[in-house]
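K.L.:
According to this note's numbering, the sequence shown is numbered sequentially starting from 4.
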Amino acid sequence: MASTDDTSGPQPPHNSRADALLAHAEASMSEDAVLAAARDRAGEIGVASISAAVGALLALLTKLSGGKAVVEVGTGAGVSGLWLLSGMGEDGVLTTIDIEPEHQRTAKQAFGDAGIGPSRTRFISGRAQEVLTRLADESYDLVFVDADPIDQPGYVLEAVRLLRSGGVVVLHRAALGGRAGDPAANDAEVIAVREAARLIAEDERLTPALIPLGDGLLAAVRD
Numbered sequence: 004m005a006s007t008d009d010t011s012g013p014q015p016p017h018n019s020r021a022d023a024l025l026a027h028a029e030a031s032m033s034e035d036a037v038l039a040a041a042r043d044r045a046g047e048i049g050v051a052s053i054s055a056a057v058g059a060l061l062a063l064l065t066k067l068s069g070g071k072a073v074v075e076v077g078t079g080a081g082v083s084g085l086w087l088l089s090g091m092g093e094d095g096v097l098t099t100i101d102i103e104p105e106h107q108r109t110a111k112q113a114f115g116d117a118g119i120g121p122s123r124t125r126f127i128s129g130r131a132q133e134v135l136t137r138l139a140d141e142s143y144d145l146v147f148v149d150a151d152p153i154d155q156p157g158y159v160l161e162a163v164r165l166l167r168s169g170g171v172v173v174l175h176r177a178a179l180g181g182r183a184g185d186p187a188a189n190d191a192e193v194i195a196v197r198e199a200a201r202l203i204a205e206d207e208r209l210t211p212a213l214i215p216l217g218d219g220l221l222a223a224v225r226d
């Protein structure tokens, strides 16, 4: 019987095909001049930024969630904020939290360059663990966490509280570039991201998925 698979030529190993697919996904999205400039400024101040592929997924998830009220933990230089805002409606407001004033000043420049008015953003300077406790229950469409992986378990608990029904939580660096799946790895970051994943998996209100982009994205929608 003929096979539906084409085996006429040499087939690359499975891992090589997976790596090629991920590389294609990461390279397939382009950024405009404003995003490119924001990414350059991030490098200048020593801030890591999400990839364009991760940004495109964030914009998609934000739009699907309704995207009127979004929380970002980790402002950075504004790259992720620009992607989040691109998925929000014109009346949407991004609340972005960072402990570093320089990061928020840099992000404000990026948002201004994009023509995003001050009414569309709310900058809060402080420790996210403390700031999140002051935000209202079930009032947000999406919570994006791009901060120290050590704190992910606490962020998960607060994010779920903040989400309305149908809202989405997204954790960046959820796989730590693959380390979280290595049985031999047991450092503090790995333990923390595994605990965050466990909290999400065991919460019956959440439907999660692990997405292999960037350093790994763990997304979950609340019932």
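We treat Cβ as the ideally placed atom computed from N, Cα and C, and that holds for glycine.
Leaving out the 5 sequence neighbours to the left and right, which residues in its chain are closer than 8 Å to A150 when beta-carbon positions are compared?
P.N.:
For the purposes of this step, residue 150 is taken as the residue at position 147 of the sequence shown. Answer for A150: V76, G77, A131, Y158, listed in chain order.
K.L.:
Is the stretch 70 to 90 in contact with the stretch 49 to 57, if contact means three or more CB pairs nearer than 8 Å?
P.N.:
The stretch 70 to 90, when compared against the stretch 49 to 57, does touch it at the 8 Å Cβ threshold.
K.L.:
Tell me which same chain residues have a C-beta within less than 8 Å of the C-beta of T7, skipping the five on either side of it?
P.N.:
The sequence position of residue 7 within the sequence shown is 4, counting from 1. Because T7 carries a pLDDT of 40, less than 50, the predicted location of this residue cannot be relied on, and the following value inherits that uncertainty. Closer than 8 Å at the Cβ level, and outside the excluded window around T7, lies no residue.
K.L.:
Which full runs of the beta strand (DSSP E) of 3+ residues lie inside the stretch 46 to 91, going along the chain?
P.N.:
Runs found: 72 to 76.
K.L.:
So, under 8 Å CB-CB, A199 and P156 are touching, yes? Tell me the CB distance rounded to an integer number of Å.
P.N.:
On the sequence shown, position 196 is the one that residue 199 refers to. On the sequence shown, position 153 is the one that residue 156 refers to. Their Cβ separation, rounded to whole angstroms, is 5 Å, which keeps A199 and P156 in contact under 8 Å.
K.L.:
Quick check on the DSSP output: what are the complete alpha helix (DSSP H) runs of length 4 or more inside the stretch 144 to 218, in order along the chain?
P.N.:
Here the runs fully enclosed are 155 to 165, 191 to 205.
K.L.:
Rounded to whole angstroms, what's the CA-CA distance from H106 to D35? Just pull it up for me.
P.N.:
If you number the sequence shown from 1, residue 106 lands on position 103. If you number the sequence shown from 1, residue 35 lands on position 32. Spanning the two alpha carbons is a distance of roughly 21 Å.
K.L.:
Quick check: what's the CA-CA separation for L97 versus R167?
P.N.:
As a working mapping, residue 97 is identified with position 94 in the sequence shown. As a working mapping, residue 167 is identified with position 164 in the sequence shown. Looking at the two C-alpha atoms, the distance is approximately 16 Å.
K.L.:
Does E93 pass the burial test, meaning 16 or more other C-beta atoms within 10 Å, or should it be called exposed?
P.N.:
Counted from its first residue, the sequence shown places residue 93 at position 90. Under this definition E93 is an exposed residue.
K.L.:
Beta carbon of R197, beta carbon of V163: below 9 Å?
P.N.:
Residue mapping note: residue 197 aligns to position 194 of the sequence shown, counting from 1. Residue mapping note: residue 163 aligns to position 160 of the sequence shown, counting from 1. Contact flag unset, no.
K.L.:
In three-state terms, what does DSSP make of T99?
P.N.:
Numbered from 1 along the sequence shown, position 96 holds the residue referred to as residue 99. Here T99 sits in strand by DSSP.
K.L.:
May I ask which residues mark the beginning and end of the alpha helix (DSSP H) holding R108?
P.N.:
Locating residue 108 in the sequence shown gives position 105, counting from the first residue. Segment 104 to 116, the alpha helix (DSSP H) holding R108.
K.L.:
Out of E192, G181, R201, state which residue places its alpha-carbon closest to the alpha-carbon of I214.
P.N.:
For this step, residue 214 is matched to residue 211 along the sequence shown. For I214, the nearest C-alpha among the options comes from G181.
K.L.:
With three or more C-beta pairs closer than 8 Å as the rule, is the stretch 140 to 154 touching the stretch 171 to 185?
P.N.:
Touching, yes.
K.L.:
For the pair the stretch 54 to 67 and the stretch 124 to 139, tell me if three or more CB-CB distances fall below 8 Å.
P.N.:
The stretch 54 to 67, when compared against the stretch 124 to 139, does not touch it at the 8 Å Cβ threshold.
K.L.:
Identify whether A222 lies in helix, strand or coil by the three-state DSSP scheme.
P.N.:
For the purposes of this step, residue 222 is identified with residue 219 of the sequence shown, where counting begins at 1. It is a strand residue.
K.L.:
Indicate whether M91 and K66 have their beta-carbon atoms separated by less than 9 Å.
P.N.:
Along the sequence shown, one-based indexing puts residue 91 at 88. Along the sequence shown, one-based indexing puts residue 66 at 63. Their beta carbons are under 9 Å apart, which means M91 touches K66 by this criterion.
K.L.:
First and last residue of the alpha helix (DSSP H) that includes L135?
P.N.:
The count along the sequence shown starts at 1 and reaches residue 135 at position 132. L135 -> alpha helix (DSSP H) spans 131 to 135.
K.L.:
Helix or strand or just coil, what does DSSP make of S19?
P.N.:
By one-based count along the sequence shown, residue 19 stands at place 16. In this structure, S19 counts as helix in the three-state DSSP scheme.
K.L.:
Please confirm whether D206 and G170 have their CB atoms less than 9 Å apart.
P.N.:
As a working mapping, residue 206 is identified with position 203 in the sequence shown. As a working mapping, residue 170 is identified with position 167 in the sequence shown. No; because the gap between Cβ atoms is not below 9 Å, this pair is not in contact.
K.L.:
Enumerate in chain order the residues of its own chain whose CB-to-CB distance from V74 is below 6 Å, with the five nearest sequence positions on each side excluded.
P.N.:
Mapped onto the sequence shown, residue 74 falls at position 71. Excluding residues within five positions, the ones whose Cβ falls inside 6 Å are T98, Y143, V146.
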